[in-house]
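Report on the following structure.
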Amino acid sequence: MFRDSITLNQFVGGTLRFVLLHEIGHGFVDLYGIPVLGREEDAADRFATWWMAPDGEGQDGTDAIAAMEWWLASAKSSELNREQIAWWDEHGIDEQRGYQIACLLYGSDPETMGPLAGRLGLPTTRRESCLPEAQENAASWSAFLRGQASTLTHQLDGFLVPKNYVDAESADTVDAAKLVREMQLLEELAGMLGQFKFPEGSVMVRMYAKDCGMANAYWDPNEKSIVLCYELVNHIANVGYAAGFR
Numbered sequence: 326m327f328r329d330s331i332t333l334n335q336f337v338g339g340t341l342r343f344v345l346l347h348e349i350g351h352g353f354v355d356l357y358g359i360p361v362l363g364r365e366e367d368a369a370d371r372f373a374t375w376w377m378a379p380d381g382e383g384q385d386g387t388d389a390i391a392a393m394e395w396w397l398a399s400a401k402s403s404e405l406n407r408e409q410i411a412w413w414d415e416h417g418i419d420e421q422r423g424y425q426i427a428c429l430l431y432g433s434d435p436e437t438m439g440p441l442a443g444r445l446g447l448p449t450t451r452r453e454s455c456l457p458e459a460q461e462n463a464a465s466w467s468a469f470l471r472g473q474a475s476t477l478t479h480q481l482d483g484f485l486v487p488k489n490y491v492d493a494e495s496a497d498t499v500d501a502a503k504l505v506r507e508m509q510l511l512e513e514l515a516g517m518l519g520q521f522k523f524p525e526g527s528v529m530v531r532m533y534a535k536d537c538g539m540a541n542a543y544w545d546p547n548e549k550s551i552v553l554c555y556e557l558v559n560h561i562a563n564v565g566y567a568a569g570f571r
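Going by this note's numbering, 362 is the number at position 37 of the sequence shown; the sequence numbering is gapless.
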């Protein structure tokens, strides 16, 4: 389901939105002091999936499915064998992250996402547990963030998020930098952050897209900033192309 209708551009855009929302999840944990039971990386993934899940208000889940496809394609493209996988890492392995997205999507809309669960081979018993899992995830995040919603329509009490698209320093990342600008990803995420109150005593959150020397994106707890690396854009595009997305 959906895979054949996802273009390479949608694959890249959806995955980048998931990645940035994941980092915003880290930011919320940091800025609001949200207690996390379990791995914070899992919590950030769950936040991103909840935000991107079908909601009946324009979000149809395509971007989340693109991110799911990214994790599964990334796992297939990896040349690591079982002995080389960093089982101790704070992140789940790629397949797990992909299937977690699938489970939460199914749990949020079983009728629409049923064919997706079937294509991925999610067994009936797991599908049944995905329902309360998705409901619990949605209830947890929405209950907390509802209390942080900006009450002013002009949002002057919300996050003020300076956006900085740094020019590419390498010929290899020029196209990636152009694509990120054209997608207006930082503007999109800044608008989302503007819906929430500034935590008392916190500093201004900033967003950067730039060359990093590695394929990465991260929340900087010291600078209170989100960084998207152009190298990651290239990596996602290469994995998507190798997986057959055009």
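Where a beta carbon is used, it is the ideal one built from N, C-alpha and C, also for glycine.
Handout entry: Nearest-angstrom Cα separation, counted from Gly565 out to Ser465
Key = 32 Å
Exercise for the section: Mind checking which residues open and close the beta strand (DSSP E) that includes Ile551? Expected result: Ser550 to Cys554
Practice task
Would you check if there are 3 or more beta carbon pairs closer than 8 Å linking the region 383-396 to the region 330-347?
Solution key: yes
Practice task
Following the continuous beta strand (DSSP E) through Met532, name the residue where it begins and the one where it ends.
Solution key: Arg531 to Lys535
Exercise for the section: Look at the alpha carbon of Met377 and the alpha carbon of Glu461, and state the distance between them as a whole number of angstroms. Expected result: 16 Å
Problem - Which listed residue (Asp545, Gly538, Glu513 and Val486) has its alpha carbon closest to that of Val558 - result: Of the candidates Asp545, Gly538, Glu513 and Val486, the one whose C-alpha sits nearest the C-alpha of Val558 is Gly538.
Handout entry: Where Phe521 sits in the DSSP three-state scheme
Key = Phe521: strand per DSSP, three-state reduction.
Handout entry: Cβ neighbours of Ala568 in the same chain (closer than 6 Å, five flanking residues each side left out)
Key = These residues qualify, in order along the chain: Ala398.
Problem - Backbone CA spacing between Asp380 and Asp367 [nearest angstrom] - result: Distance between Asp380 and Asp367, taken at the CA atoms: about 21 Å.
Exercise for the section: Please classify Gly542: does DSSP put it in a helix, a strand, or coil? Expected result: Sequence inspection shows Ala at residue 542; the Gly mentioned does not correspond to that position. Here Ala542 sits in strand by DSSP.
Handout entry: Under the three-state DSSP convention, the category Asn334 falls into
Key = Here Asn334 sits in helix by DSSP.
Practice task
Assess, as a yes-or-no matter, whether the region 540-558 is touched by the region 345-353 under the definition of 3 or more beta carbon pairs within less than 8 Å.
Solution key: yes
Handout entry: Per-residue DSSP class, three states only, for Asn559
Key = helix
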